[in-house]
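Single-structure report; data block below.
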Amino acid sequence: MAIQASSRGSVVGTAVLGGVLAYDTAMNARWAGVEAVLLDMDGTLLDLAFDDDFWQQRLPRAYARRHRLSLVTARAHLAPWFESQRGRLNWYCLDWWSRQTGIDLIELTRRSRTRIAVLPGALDFLDALAARGLAAWLVTNAHPAGLTLKLERTGLTPRFARIVCAHELGVPKEDPRFWPALHRRHAFPPQRTILIDDNLEALAAANRFGIGQVLAIRRPNSQRAPREIGGLPAVDTLADLLPISY
Ligand SMILES: [Mg+2]
């Protein structure tokens, strides 16, 4: 598999993902035949800087205050919980974390909401999809309360033909059961669908299910350098996909 990024971030090269689809043209040439674009929220449309700060800074500090611990000890308490829940729906569940930590995480999210921000290029990308008549679905692992707060904060709701929260389906996007469950609940043509996400396990699960094109985000957090991503087509941000032409 060989994938190269051009100077503007478009994917150029040849790749076969699970034998499902061959990528052999520039990214912008692959929109032909696409009917639906499934978009992740945190780290794809919205800046993951908020979530990284929330989980890595605000929660440990709140937990330390609540239980009268040093910040180092608080982090040591939280670390095994994070490790044990990675890839599970609890990882994203503000209710689970509230019970576990004794802190109201929905309230903590609300108090942090001024830091919620759309990533550069995300609104232009949604505008471009709309101009092309392409249906945009928001498909997120975010907890319903966090989702509601972020949509209120950003005003993005009217831009989506459908909004799907993994908590409705009972499994996160990285679980192989998610994609058939989504397809049963909301019909879409898998082979004529693109999924764009910063969650590499979710992209792999979607690809195995048969989603026609999957695309990773290299720079989900605007405050950090782009990640190296091997084995999947990738762009730094949604801005790299503009203009949509075919
Ligand atoms: Mg994400």
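Heads up, my numbering is the position in the sequence shown plus 3, with the first residue counted as 1.
Backbone N, C-alpha and C fix where the C-beta goes; we use that ideal spot for every residue, glycine too.
Within 10 Å of its beta-carbon, does residue i have 16 or more other beta-carbons around it, so buried, or fewer, so exposed?
i: P161; result: exposed
i: D130; result: exposed
i: G234; result: exposed
i: Y249; result: exposed
i: P192; result: exposed
i: E177; result: buried
i: G149; result: buried
i: G90; result: exposed
i: R116; result: exposed
i: G105; result: exposed
i: A208; result: buried
i: R113; result: exposed
i: A65; result: buried
i: A219; result: buried
Who pairs with residue i in a beta bridge, going by DSSP?
i: R71; result: According to DSSP, which records beta bridges pairwise, R71 is partnered with nothing at all.
i: I220; result: V238
i: R165; result: W140
i: T196; result: A39
i: L49; result: D45, V121
Taking the alpha carbon of residue i as the point to measure from, which residue in the options has its own alpha carbon closest?
i: L198; options: R187, R188, R211; result: R211
i: L185; options: S101, L172, T151, S225; result: L172
i: K153; options: A77, R118, R91; result: R118
i: T196; options: L97, G124, P63, A139; result: A139
i: D243; options: L126, L72, L92, A134; result: L126
i: E204; options: A134, W182, A190, N224; result: W182
i: W84; options: P63, D200, A207, P246; result: P63
i: D43; options: L159, A228, T143, D239; result: T143
i: V37; options: V217, L51, Q226; result: V217
i: N202; options: L74, S87, Y95; result: Y95
i: H189; options: D200, A169, A208; result: A169
i: I247; options: L111, I214, A134; result: A134
i: D45; options: L159, H80, G213, L132; result: L159
i: Q194; options: G213, A228, E155; result: G213
Can you grab the Cα-Cα spacing for the pair residue i / residue j, in whole Å?
i: T157; j: A120; result: 7 angstroms
i: L256; j: T47; result: Any property of residue 256 remains undetermined from this structure, which presents the chain solely from 4 to 249.
i: I232; j: R221; result: 7 angstroms
i: R78; j: W100; result: 14 angstroms
i: A39; j: R68; result: 46 angstroms
i: N93; j: L245; result: 35 angstroms
i: I109; j: A35; result: 41 angstroms
i: A8; j: P236; result: Because the pLDDT of A8 is 30, which lies under 50, any placement of that residue in the model is unreliable, and the number read from its coordinates should be weighed accordingly. Cα-Cα distance, rounded: 9 angstroms.
i: S87; j: P147; result: 22 angstroms
i: V75; j: A82; result: 11 angstroms
i: V174; j: R180; result: 7 angstroms
i: Q226; j: G124; result: 15 angstroms
i: R61; j: P223; result: 19 angstroms
i: Q59; j: R230; result: 18 angstroms
i: G136; j: L41; result: 14 angstroms
i: L141; j: V238; result: 19 angstroms
i: T151; j: L122; result: 18 angstroms
i: L72; j: L51; result: 27 angstroms
i: D107; j: A145; result: 16 angstroms
i: G215; j: R33; result: 10 angstroms
i: D98; j: L111; result: 12 angstroms
i: A228; j: E155; result: 28 angstroms
i: R187; j: R102; result: 32 angstroms
i: D200; j: L132; result: 16 angstroms
i: H70; j: L49; result: 31 angstroms
**OP:** Count the CB pairs spanning the region 164-182 and the region 50-60 that are closer than 8 angstroms, and state whether there are at least three.
**Re:** Touching, no.
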